[in-house]
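Residue numbers (our numbering), protein chains in the order written: chain A, 1 to 513; chain B, 1 to 513.
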């Protein structure tokens, strides 16, 4: 009886303890996909208006050249003006009309609906992207050519990481030499590795139909695909400055017809293919993406298109790219504000390290741009984890550690909740006046432990003494062990055997599962 | 003649190249001490008002206990109310009166005036601080006891680093066992290592007069010291929650009388000695520092006092401190906003790593809070470099790499300049329409190369190919080499020999130079 009474008395706290040991409901987790940023605003309202005005002037007076004939036809029919110099110019009223028609909210679907991304307002999502041509061997301190297996591995790792919300293809399968087979196998490897939303990037327009056929097979049929397209295409539709990328535009047209969301990606490099001042690089990226908005909406009003201002930064000493710089972080955050100004879902690049290895430099570079992108409310933070050597090398250990890094960035995005409860006056009063004089065991402390605080998975918080006692663990070795554990298990995302077999019969799939 | 004509034609660019090779004037450097932040605002205006209101209520209803009798006398004479429970309570009108009297701008002097810090508005300064008891031996992966020589070394390193703007004592000289000699030697080692502003923290009130005598000797005489006090005292004047630290208050009174600026340091730990919710920890820190403002200004209205809300964060799983967390970054940035609300110069902690070594975790932890503190416009960012194991270990390599990290953070603080020039419309026009189609050699690019872009000193931006060619340099080894070079040269800050001799005759100085 005494036992029971003791247990009953302890019941409240024991029950709370048990509740805390159980996984939290998604809406109670301290961080999750789609938290709202927007507390960081590098640009004033006047700055934004001036950038907008300069971009409109650039579109009206400079315009863009080298659109494919099909694109010229679409845009001229909508009201753009083709000059004798071959440049298409865009009257302000046309840009404003098309902004009114453009999709303001976009859902990027996961193959599993629990991974759907709702792009609107200041909602922040982190994911991979890029076209690295190397994989970093951290133990051998070596850069080797990236392969299809690496892509599949990256997809599988992303599938297990809570704070990576989508997988855009981060590296190129250089062992696939046929470009059509590269496009097919890229999608296959990504979709077999994760049920999160996948981004790809087609090499040629003619490759789109076959790949879309494969997507129909993965979805079940075309209608199911069109209802929930789980792959988007990253279109480098411009070659900055102010030139359409003819072939990529043709790819984009095919994607639009196939019901695939597109990323309007303008990847100028400040000081090389974009103006060197940060403001100028933003102006050009905004102008180019506005041209993209006109293009897309003159084909299919409201088609889901992400405003992809991705200006990069040059190290002006060498002309080489520096994705890890503070200037990059500012560019990306400034672009996010422009997306909000237009009310369009937007994406840009952050999280790139210039460092060759996952060292201290990589840590500060990746956090700088990632946290600033998140705080600025960027909807899609691309290249957020694993990317080294200014986009040339992909590192699986860094990707895994990136989950901790992005969890912390997301905690910062979530921000500070100020409520009567969190202001804590009553707790302070009870603690200080006749109370224990500390907050360690207070109900309030216990209640926020899991819902307001996030705990890293691999990052080490031990004291020096504890750290020595557990053998001074090495961060990178811990990440390698985690990688081996993930890759040693079976992918949870593989296609059902019948579909897989059908795909393999029709297409040349290079990946053995 | 032809030669001369060629040289004359090339003259403009050659002259610009030569100008770029010369060191930039201070006002042209891309980053410097005192850049203005304030673009990041985690708290809304309503949040700020609610925190202020809660802090006033806490002061009025809860108050603080354990003030020394001298402090009680000062504060009660000013209008505070001593309760039967021994707690001093502060009517709102008193707090508001004292806020009106408090110093709104403070200059923290360097021994060399070029290092003076002008604390006002959103001006940001980064520096060291703390009381680490270990030094990190990176090669041996070991934590050893910190010594006076380490303190001197840290000071000398800080003296050479552009992006460290002050030296508050970051570690404790554990080899000095007599506490009076510890206080004397701490100041001596700091001032012999750097001419930047020095922060110290006296152990006992009775040690202040002797140390101040030494400061008079370093300055030349008392009047010179009082005109430009180059050492401030960090006063942990409260033991949170809501208790004065009796002895530290007595130290503070002595410092005020000696003309020394004070840091009103409230170092609660959310979830342990402060409420666990971030908002509540800010409320308590603000309330405690407001009590400090009343205290200081009831002794000497307008005495320079830094509003030192330094709430830390607990890892609520263990109760141990986690200075590297996202929650810490939010706490610090939120506090910076409260400083602005009061119009008072303020300081808080950022840049702390939980990581034991200068690894990737350290990099992301240090950048997260440092860049957020800077963007929030924190006047004094304490503990910004070198600090590991949640304040227990100091690492010289990390301090040196911190200069690159903080340079990048400062570049972000500087932000995006939007002007007719930087919008770059004319450059775009010239480049795209009949121009070269890129910006690599444009005058604009060359002109912003040094003034708008910052280049890291040790962080590596080579391509994988170049990196392999130069032997795959290791970041930490490069930092160790830099450390050895700095410490292998003579300190530029040593006292003049006559003063040094006089100090050594009067005080027991343990440091051999």
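Just so it is clear, CB atoms sit at the ideal spot from N, CA and C, and this is done for glycine as well.
Within-8 Å CB hit, residue i to chain B
| i | result |
| --- | --- |
| residue 382 of chain A | no |
| residue 205 of chain A | no |
| residue 124 of chain A | no |
| residue 33 of chain A | no |
| residue 36 of chain A | no |
| residue 47 of chain A | yes |
| residue 444 of chain A | yes |
| residue 315 of chain A | yes |
| residue 132 of chain A | no |
Option in the options with minimal Cα separation from residue i
| i | options | result |
| --- | --- | --- |
| residue 506 of chain B | B:257, B:130, B:181 and B:80 | B:181 |
| residue 372 of chain A | B:41, B:450, B:466 and B:276 | B:41 |
| residue 188 of chain A | A:97, A:439, A:119 and A:213 | A:213 |
| residue 126 of chain B | B:278, B:331, B:26 and B:377 | B:377 |
| residue 462 of chain A | B:343, B:391, B:191 and B:91 | B:391 |
| residue 262 of chain A | A:274, A:282, A:183 and A:296 | A:296 |
| residue 344 of chain B | B:351, B:350 and B:336 | B:336 |
| residue 452 of chain B | A:276, A:422, A:452 and A:389 | A:276 |
| residue 117 of chain A | A:232, A:316 and A:56 | A:232 |
| residue 513 of chain A | A:191, A:405 and A:449 | A:191 |
| residue 317 of chain B | A:290, A:449, A:110 and A:293 | A:449 |
| residue 242 of chain A | A:198, A:202, A:219 and A:290 | A:290 |
Secondary structure of residue i, DSSP reduced to three states
| i | result |
| --- | --- |
| residue 387 of chain B | strand |
| residue 396 of chain A | helix |
| residue 517 of chain B | The structure shown does not extend to residue 517 of chain B, since chain B is modelled only from 1 to 513, so the question has no answer here. |
| residue 144 of chain B | strand |
| residue 321 of chain B | strand |
| residue 123 of chain B | strand |
| residue 296 of chain B | helix |
| residue 7 of chain B | Unreliable placement is indicated for residue 7 of chain B, whose pLDDT of 39 sits below 50; the coordinate value is still reported in the next sentence. Helix at residue 7 of chain B. |
| residue 130 of chain B | coil |
| residue 227 of chain B | helix |
| residue 137 of chain B | strand |
| residue 256 of chain B | helix |
Chain A contact for residue i (CB, 8 Å cutoff)
| i | result |
| --- | --- |
| residue 351 of chain B | no |
| residue 92 of chain B | no |
| residue 395 of chain B | no |
| residue 389 of chain B | yes |
| residue 374 of chain B | no |
| residue 245 of chain B | no |
| residue 157 of chain B | no |
| residue 249 of chain B | no |
| residue 498 of chain B | no |
| residue 171 of chain B | no |
Cα-Cα separation, residue i to residue j
| i | j | result |
| --- | --- | --- |
| residue 135 of chain A | residue 383 of chain A | 15 Å |
| residue 129 of chain B | residue 500 of chain B | 25 Å |
| residue 9 of chain B | residue 113 of chain B | Residue placement at residue 9 of chain B is flagged as unreliable, the pLDDT there being 40, under the threshold of 50; the coordinate-derived value follows with that caveat. One C-alpha to the other measures close to 43 Å. |
| residue 346 of chain A | residue 312 of chain A | 16 Å |
| residue 496 of chain A | residue 309 of chain A | 37 Å |
| residue 87 of chain A | residue 65 of chain A | 4 Å |
| residue 237 of chain B | residue 208 of chain B | 15 Å |
| residue 348 of chain B | residue 124 of chain A | 28 Å |
| residue 458 of chain A | residue 386 of chain A | 15 Å |
| residue 92 of chain A | residue 306 of chain A | 21 Å |
| residue 294 of chain A | residue 200 of chain A | 23 Å |
Is the region 69-84 of chain A in contact with the region 262-272 of chain A, if contact means three or more CB pairs nearer than 8 Å? no
The region 441-449 of chain B / the region 291-311 of chain A touching (three or more Cβ pairs under 8 Å): no
Counting Cβ pairs closer than 8 Å, one from the region 35-52 of chain B and one from the region 406-419 of chain B, do we hit at least three? yes
Counting Cβ pairs closer than 8 Å, one from the region 220-231 of chain A and one from the region 155-163 of chain A, do we hit at least three? no
contact_flag[the region 277-287 of chain A, the region 100-117 of chain A] where n(CB pairs < 8 Å) is 3 or more: no
Please determine if the region 416-427 of chain A and the region 241-250 of chain B are in contact, where contact requires at least 3 C-beta pairs separated by less than 8 Å. No, they do not touch.
Any contact between the region 315-335 of chain B and the region 352-371 of chain B? By contact I mean 3 or more CB pairs, one from each, below 8 Å. yes
Quick one: any contact between the region 357-370 of chain B and the region 363-370 of chain A, if contact means 3 or more CB pairs under 8 Å? Short answer: they touch.
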